[in-house]
Every structure is written in C-alpha cells, then in structure tokens.
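Sequential numbering from 457 applies to the sequence shown in the working numbering.
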Amino acid sequence: MISEATRARFAREVAKYPADQKQSAVMACLAIVQQEQGHVSPDNEQAVADYLGMPAIAVHEVTTFYNMYNQQPVGRYKLNVCTNLPCQLRGGQHALHHLEQRLGVEMGGTTADGLFTLQQSECLGACADAPVMLVNDRTMCSFMSHDKLDQLVDGLKKAEHS
C-alpha cells in the first residue's frame, strides 16, 4: 500500500532526526500519505507506525489530534472556516452558513460532485483578518465577506473546468 517512492520520501524525513528519534517524523510522514492519497486511512496509519517503529495508536492519536489530517476522503477543495471567537465576532459563523447555502452541504459535508468539503476550524492565527479560512490546509483567505466567498467558489469551479 505504501509505494517505494513514498518510503523514499519517509526516509528523507526520518534522516532529519537522530537515529533513535525517528518517530519525530510522524507528522511529516502522515502529511506525505495525505498528499499522495488525499486522506490518511487506518491502514496508512498502520503503515506509518510500522515504518517508524511505533504503536499504531500513537500514530492515530496524531491523526485525530490535528484537524489538518483527513481521516476520510474529502473534496478536491477543503474549505476550513475559522469559527473561533475573534472570527465569530467578525462574521465567521455567517461565512460558514453562507458557504453551506452556496454549496448545498452542511458543515462537514462534501458536495455531490466531490469538488468541495466544508469544515470549521479552530483558530488559524490571523485574527486581525477575520473572518478567515484555509483552503486545502495551505492557502489562507482573509476578510471573507459573502462576495469574496462567492468569488472564491466561482474561481475554484472555473479552474476545475478549464
């Protein structure tokens, strides 16, 4: 299930740590699996655990603690809307509800075409730019008014159909 190319990427991450601390690469290895497969399945957790010589439950604890790891398949675009207090005070919950209506899914759901998964997130560390969201765990979007949310969704849809 884990390819030789993936194992080679794991080895590069493990090499960054002392030989007796290779478990320190667990987050990087999980990120590699997710990057290649879209999510981290229980089988993949076991493969990472076996590779790093650690209990599978310890890998599972990492996967479930951090919301950046997808435990189930997600849409092509994962939209994480911050709903912590500073964003709430500046419309974070309204942004989430707007996207629910616009995409036709509830928070946690994926659109029927598999394009969007909508999630809420904890603080993204950009409170002054509230409300904020993160696209695919990498791209921060700030001051997300309803118009900007619509532009984002339209732009991502257009990019898929180009």
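Every residue, glycine too, gets a C-beta built ideally from N, C-alpha and C.
Arg546 vs Ala584 beta-carbon contact at 7 Å
As a first step, residue 546 is located in the sequence shown; it is residue number 90 there, counting from the start. As a first step, residue 584 is located in the sequence shown; it is residue number 128 there, counting from the start. Judged by their CB atoms, Arg546 and Ala584 are not nearer to each other than the 7 Å cut-off.
Residue-chain proximity (Met483, chain C), Cβ-Cβ < 7 Å:
Absent from the structure: chain C. Only one protein chain is present.
In terms of residues, what are the limits of the beta strand (DSSP E) holding Leu534?
As a first step, residue 534 is located in the sequence shown; it is residue number 78 there, counting from the start. The question names Leu, but residue 534 is Lys in the sequence shown. Residues Tyr533 to Cys538.
Using the beta-carbon count (16 or more within 10 Å), is Ala505 buried or exposed?
One-based indexing of the sequence shown puts residue 505 at position 49. By the neighbour-count rule (16 or more Cβ atoms within 10 Å), Ala505 is buried.
Residue from Gln502, Gln575, Met510 and Gln493 whose Cα sits closest to the Cα of Gln477:
Numbered from 1 along the sequence shown, position 21 holds the residue referred to as residue 477. Of Gln502, Gln575, Met510 and Gln493, the residue nearest in Cα terms is Met510.
As an exercise, report each continuous alpha helix (DSSP H) stretch of at least 4 residues that is fully enclosed by the stretch 492-561, in chain order.
Those alpha helix (DSSP H) runs which fall completely within the stretch 492-561 and span 4+ residues are 498-508, 512-521, 541-545 and 548-559.
Rounded separation between Gln557 and Ala461 - CA only
Numbered from its first residue, the sequence shown carries residue 557 at position 101. Numbered from its first residue, the sequence shown carries residue 461 at position 5. For the pair Gln557 and Ala461, the Cα-to-Cα distance works out to about 41 Å.
Contacts around Val561, its chain only, beta-carbon distance under 6 Å, and the 5 residues preceding and following it disregarded:
Working through the sequence shown from its first residue, we reach residue 561 at position 105. Taken in chain order, the residues that qualify are Thr567 and Leu574.
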